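Colleague: Sending over a structure as structure tokens; questions will come in a sec.
Residue numbers (my numbering): -13 to 83.
Below you can see the structure in the form of structure tokens.
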């Protein structure tokens, strides 16, 4: 433990890394803050545009797949009806015999 506050101050100043301190005027500080806010706003707008583009792209892919599946279902339904009709005719023939 340190013997005095002075010893603690001296030991800390020699053992800890030096820190850089910048002194700026209030107007310059406000300009820095304004620039940071503008950058953040620009980043948000860019992120929003990217998300909207990604969303629209996914919607397009989903719509295309939905359309493909609907077309496949339309193609399968008549084939099922033909099979059902053939089965019914076979049953009718079996009943008549």
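Positions of the beta carbon are idealized from the N, C-alpha and C atoms, including for glycine.
Predicted model only: the values in this text are computed from it and were never measured.
Alpha carbon to alpha carbon, how far is residue 24 from residue 37?
Modeller: Cα-Cα distance, rounded: 20 Å.
Colleague: Check residue 32 in the structure and name its three-state DSSP category.
Modeller: Three-state result, residue 32: helix.
Colleague: In this structure, how does DSSP classify residue 13 when only helix, strand and coil are distinguished?
Modeller: It is helical.
Colleague: Return the chain-ordered list of same chain residues with a C-beta closer than 6 Å to the C-beta of residue 62, the five sequence neighbours on each side being excluded.
Modeller: Same-chain partners within the cutoff: there are none.
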